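Just so you know, the sequences run in chain order S and L.
Read left to right, the first sequence gives residues 10 to 183 (my numbering).
Read left to right, the second sequence gives residues 41 to 435 (my numbering).
Since the structure comes first, as structure tokens, the remarks are kept for the end.
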Amino acid sequence: MAEHSYTSRRELDQYGFHPAVTLLAPLVCILLQAVLPKMFPWLAILDLPLIATIFFAVARRSPIAGTVTGTLIGLFQDGLTNHHFGVNGIAKGIVGYIAASIGFAVDVENVLNRILLVFSLSLLDSGLLYLIEHWLLANMTYPLEPLHELIRAVANSVIAIPLFYLLDRFRTRE
Amino acid sequence: MESFFSRFKNSLVLIAIVLAQVIALAVQVQQPTRGFNPGEASDGHHVALLRRWITAAVTPFERLAHGTGLRVRSVWSGYIDLRHTRQQNQALRNDVARLREEQAAFAEDAAQGRRLQALLAFKQQYISSTVAAQVIGTSGSDRSRILIIDKGSDYGLKPEQPVITPDGAVGKLRDVFPHSAQVLLINDPTSGAGVILASTRIRGIVRGSTEGLLQIKNLMPDSRILPGEQVVTSGGDMVFPRGVPVGVIESVKPDPQHQPYTAITIKPMANLSRLEEVLVITGTSSTLPPAAQQDAAAAEATAAAAQKAADLNAEKLPSLHDDPEAAFGPDKPADAETTVGGLPGIPNSGLPKVKPVVHPDKYSPGATPPADELKPGAAATPQTPPEHKPQETPQ
């Protein structure tokens, strides 16, 4: 006879994090993103803050938490660049919302699903940045480089897998 | 109503957050542009404050990471990786000796240049003071070519000050914080600098691109512009002093998007992707700085000593005289009567004519009769030439 529980699957799969991890993990990702390209310039193609946004949104499965986390990470990134505040904030906020929404429907523990998720959301992030620059800021010099963005998406997907496994160790079931 | 908000809570929160940021973007875009490039908008007070806080939060960790990396590299390069150090030291000594000789040769040209500039009342700007800074971080994005350096307003740095390396131009300061500063690299899409092509003296504006290239796109096709030509700052942008090397022309192609202009791609002199230390120019002056004056004086003294030694050697060795006056005296100019052949207007390019004989003898030109007048067995009698007939040399 099958066992029945009052706990829904959604509640069962929701994870939480220690506040220190919630604060420090994105900060470390942003810091590494700022420091690593100085030593290895080709690493500037990565977007570690985007990977952190996707991970926390998927793990919590709360669209509001995903939106807020993505927005804060994006705004922090904007502060280190010469972009206006909000360019990365809007893009990563939307990515966080969509990642959390997908987390409901897809088994994100599966490696293949994780790769596809990061790959597609990385492309979405690039597309959103292009739209924000072109439509909102009327920056017509911002180029659309499909090949470059594909390479970026692949690189993010490759880095995301070990990073997800590392961050999995810090999550607690709620 | 309550059910509507609870049902669409997630979407409404997303819309509210995105809308707030769109409004924030609209407010920021209204700020006036700064500097040379119209694409670079200045930050408002609140935005600048926010940027300062974020940089202040990240900078300590960047300093820590940079310091740790520096120590590891110092141990490696100072104690472990010392192979070929003696050979490198010898090679460097040879280079120093060679460069000293070159410096002495250039000193004379530089002094002549300064004299001409003084005659023309030309206002040359020399770099009088710089602040050396170390690069501790980046923006972390390949769309934004920004570096973080470990010196700020506490060292007298200000926005818009130029940043260079001994190799060439790097960029300019964007935001300056108390203990750090942002450097906008010259190959950022929002960056720009006035340049001049070194040999053709054609002026242009170099801009960065999203791919990190340096390009001049405001010049019409010109057959004189060729790959390999050096590009230096013109000083027209009021940021960089005149004459700082920017790069070398890599390619010259028609710009398909902006016809009839050309897209001139420049290879930067400074390695912009691997910068460790930079110099921020904090002051310029119209006179040479004292240290440079001493160097110039020393180089001029070396050049004068070398010239004196060369003159002494020249006096001991037989050689052609440089000027016709020294050869023929002031009252005997080198003209067609005294020289044969040569190029017009160039002294000593022809051969000298034979001078008239004062005391003729049997060896004098024309003293011997022609062969058809000589008789076998007859005594050879010297003939006094009635009139000197100089021997013509075929041209």
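Glycine residues also receive a C-beta, built at the ideal position from the N, C-alpha and C atoms.
Here the structure is a predicted model, which is why all the values come from computation and not from measurement.
Test item: CB-CB of residue i and residue j under 9 Å
i	j	result
S:A220	S:L176	Residue numbering for chain S in the displayed model covers 10 to 183; residue 220 of chain S lies beyond these limits and cannot be assessed.
L:L237	L:E269	yes
L:T322	L:S220	no
L:L254	L:G287	yes
L:K212	L:S231	yes
L:N50	S:P72	yes
S:A109	S:T80	no
S:L40	S:R161	no
S:I82	S:N165	no
S:I99	L:L65	yes
L:D190	L:R103	yes
L:A209	L:M309	yes
L:L187	L:Q222	yes
L:I176	S:L89	no
L:F246	L:V271	For clarity, residue 246 of chain L is Val in the given sequence; the question names Phe instead. Yes, the pair counts as a contact, with Cβ atoms nearer than the cut-off.
L:V318	L:V203	yes
S:A74	S:A66	yes
S:H93	L:S184	no
S:D134	S:V96	no
Contact set between residue i and chain S, taken where Cβ atoms lie within less than 7 Å
i	result
L:I57	T76, T80, G102
L:E290	None at all; the shortest Cβ gap to chain S is about 19 Å.
L:V284	None at all; the shortest Cβ gap to chain S is about 22 Å.
L:V53	I73, T76
L:V203	What L:V203 touches in chain S: nothing, since even the nearest Cβ is about 15 Å away.
L:V87	F94
L:L90	G88, F94
L:S313	P50
is_contact[residue i, chain S] using C-beta, thresh 9 Å
i	result
L:P78	Reliability fails at L:P78, whose pLDDT of 49 lies under 50, so the model's placement of it is uncertain and no value is given.
L:I186	yes
L:Q68	yes
L:P106	According to the sequence displayed, residue 106 of chain L carries His and not Pro. Yes - at least one Cβ of chain S is within 9 Å of the one on L:H106.
L:Q61	yes
L:E102	yes
L:R47	no
L:N50	yes
L:R155	no
L:R241	no
L:S43	no
L:R264	no
is_contact[residue i, chain L] using C-beta, thresh 9 Å
i	result
S:L140	no
S:F173	no
S:S110	yes
S:V30	no
S:F94	yes
S:V163	no
S:P58	yes
S:Y106	yes
S:A34	no
S:I99	yes
S:A66	no
S:L40	yes
S:A53	yes
Cross-chain neighbours of residue i in chain L, by beta carbon under 8 Å
i	result
S:E160	The residue asked about is misnamed: residue 160 of chain S is Ile in this sequence, not Glu. Result: empty, since nearest Cβ-Cβ is about 11 Å, beyond 8 Å.
S:N91	E80, S179, S184, I186, R214, Q222, L224, D228, T230
S:F85	I94
S:A43	V98, E102, G177, T178, S179, G180, I188
Beta-bridge pairing of residue i - partner residues as DSSP gives them
i	result
L:Q174	L:E317
L:T305	L:Q255, L:S291
L:L187	L:T178, L:V223
S:R180	S:F26
S:I170	For S:I170, which the question treats as bridged, DSSP gives no partner whatsoever.
L:I55	In DSSP, L:I55 forms no bridge with anything.
Contact set between residue i and chain S, taken where Cβ atoms lie within less than 8 Å
i	result
L:T250	T150, Y151, P152, E154
L:L110	Near L:L110 there are no residues of chain S at all, since even the closest Cβ is about 11 Å away, more than 8 Å.
L:R113	The contacting residues do not exist; L:R113 stays about 10 Å from chain S at best.
L:S117	Ordered by position in chain S, no residue passes the 8 Å Cβ test against L:S117, which lies about 15 Å from the chain.
Contacts of residue i in chain L (Cβ-Cβ under 9 Å)
i	result
S:L146	L65, V69
Chain-ordered neighbours of residue i on chain S, where CB pairs are closer than 9 Å
i	result
L:R140	Those within 9 Å of L:R140 in chain S number zero; the least Cβ separation is about 36 Å.
Uninterrupted beta strand (DSSP E) stretches inside the region 202–259 of chain L (no shorter than 3 residues): 202–204, 209–216, 221–225, 232–237, 243–248, 254–259
Contained beta strand (DSSP E) runs [length at least 3] in the region 36–60 of chain S, N- to C-terminal order: none
Complete alpha helix (DSSP H) runs within the region 85–150 of chain S (minimum length 4 residues, chain order): 96–114, 120–140
Whole runs of the alpha helix (DSSP H) within the region 95–123 of chain L, excluding any shorter than 4 residues: none
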